[in-house]
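K.L.:
Numbering (the working numbering), first residue to last: 480 to 551.
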């Protein structure tokens, strides 16, 4: 029984480490998207309605990036 508990604890620890790794990767990816969003928003901000839609989406990406910072 003790052996099984240890196995389960190790499995849980491995899963927690994988989750932390994935959270960090997502946060890093969102940070990259935020940088790209800044570049694109400057480029398209003053253009057509389509450009305004793009700017809106890019702002949402930036907001997600800010929310992801604690995981970095």
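For each residue, glycine too, the CB sits at the ideal point set by N, CA and C.
Using the three-state DSSP reduction, which class does residue 496 fall into: helix, strand or coil?
P.N.:
Helix, per DSSP.
K.L.:
From residue 489 to residue 542, what distance separates their C-alpha atoms?
P.N.:
Each residue's alpha carbon lies about 36 Å from the other.
K.L.:
Going by beta-carbon coordinates alone, are residue 540 and residue 503 separated by less than 8 Å?
P.N.:
Cβ distance not < 8 Å, so residue 540 and residue 503 don't count as in contact.
K.L.:
In whole angstroms, give me the CA-to-CA distance for residue 510 and residue 548.
P.N.:
Going by the C-alpha atoms only, they are around 8 Å apart.
K.L.:
Applying the 10 Å Cβ sphere with the 16-neighbour rule, what's the burial state of residue 534?
P.N.:
Counting Cβ neighbours within 10 Å, residue 534 comes out buried, since at least 16 surround it.
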